[in-house]
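Undergrad: Let me give you the structure first, and then I'll get to my questions.
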Amino acid sequence: MVGDRWSLIVIRDIMFGNRRHFRTLLNQSEERIASNVLADRLRRLLAAGLLTRRSDPTHRQKGIYSLAEPAIQLVPLLAQMGSWGLRHAPASETLCVRARLLEEGGPAMWRAFMDELRHLHLDAPRPRRSVIGELKTAFDAAATARDRHSDRAARTE
Numbered sequence: 000m001v002g003d004r005w006s007l008i009v010i011r012d013i014m015f016g017n018r019r020h021f022r023t024l025l026n027q028s029e030e031r032i033a034s035n036v037l038a039d040r041l042r043r044l045l046a047a048g049l050l051t052r053r054s055d056p057t058h059r060q061k062g063i064y065s066l067a068e069p070a071i072q073l074v075p076l077l078a079q080m081g082s083w084g085l086r087h088a089p090a091s092e093t094l095c096v097r098a099r100l101l102e103e104g105g106p107a108m109w110r111a112f113m114d115e116l117r118h119l120h121l122d123a124p125r126p127r128r129s130v131i132g133e134l135k136t137a138f139d140a141a142a143t144a145r146d147r148h149s150d151r152a153a154r155t156e
């Protein structure tokens, strides 16, 4: 169900990037997923009950993909995979910041994140804590620091 190369990437992009339309998933994919592969994975994830799709009220040909409860319950697994990646896979600080924050936040943060995802994808009540906001703030700060460093390096050349 989630063992192939692309399924977890699609779930990750919906979960962490709030990419919920086909075009957004396709155009904002860091891994450059092919459109036929994306269409196939979305079909598989829908059939497996990990995603749902509803019509977009703003455009009748578009669909909005949402995480189903089983996909939301993958948060601890994805957090653990991110922790493993921090130690064993080279990546920029910008890409590591969310994994580090989830690792440091532990199960309490994961539960809060799942509650927020339930609000966004399953119409559950809005939780008090916004883990998505915390992750975005940390990512934006790392990206700003990276950009400042790049600007300084360019000026000294």
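All residue numbers for the sequence shown refer to numbering that gives the first Met the number 0, where the first residue is 0 and numbers rise by one. Glycine included, each C-beta is placed from N, C-alpha and C at the ideal position.
#1: When burial is assigned at 16 or more other CB atoms within 10 Å of the CB, is Met0 buried or exposed?
#2: In angstroms, rounded to a whole number, what distance separates the CA positions of Thr51 and His20?
#3: Which word fits Leu116, buried or exposed, when buried means at least 16 other C-beta atoms lie within 10 angstroms of its C-beta?
#4: Nearest by alpha-carbon distance to Met113: which of Pro89, Leu85, Pro75 and Ala90 is it?
#5: When the distance is taken between beta carbons, is Ala78 closer than 8 Å to Leu101?
#6: With 16 as the cutoff for other CB atoms within 10 Å, does Gly2 come out buried or exposed?
#7: At what residues does the beta strand (DSSP E) containing Asp55 begin and finish?
#8: Can you confirm whether the segment 30-49 touches the segment 90-108 when touching is taken to mean that 3 or more C-beta pairs between the two stretches lie within less than 8 Å?
#9: Does the Cβ-Cβ distance between Ile10 and Leu73 come in under 8 Å?
#10: In whole angstroms, what separates the C-alpha of Trp5 from that of Glu30?
#11: Do you know whose CA, among Ala144, Val130 and Met80, lies nearest Gly16's CA?
#12: Just to confirm the assignment, what range does the alpha helix (DSSP H) spanning Ser34 have?
#13: Could you tell me how far apart the beta carbons of Ile32 and Tyr64 are, in whole angstroms, since I believe they sit closer than 8 Å?
TA: Walking through what the data contain:
#1: exposed
#2: 12 Å
#3: Result: buried.
#4: Residue Pro75 is the option with its Cα nearest to Met113.
#5: yes
#6: exposed
#7: Segment Leu50 to Asp55, the beta strand (DSSP E) holding Asp55.
#8: Flag = no, the segment 90-108 and the segment 30-49 do not touch.
#9: Cβ atoms of Ile10 and Leu73: closer than 8 Å.
#10: 9 Å
#11: Val130
#12: Taken as a continuous stretch (DSSP letters only), the alpha helix (DSSP H) holding Ser34 covers Ser34 to Ala46.
#13: With 8 Å as the limit, Ile32 and Tyr64 do not qualify as a contact, their Cβ atoms being about 14 Å apart.
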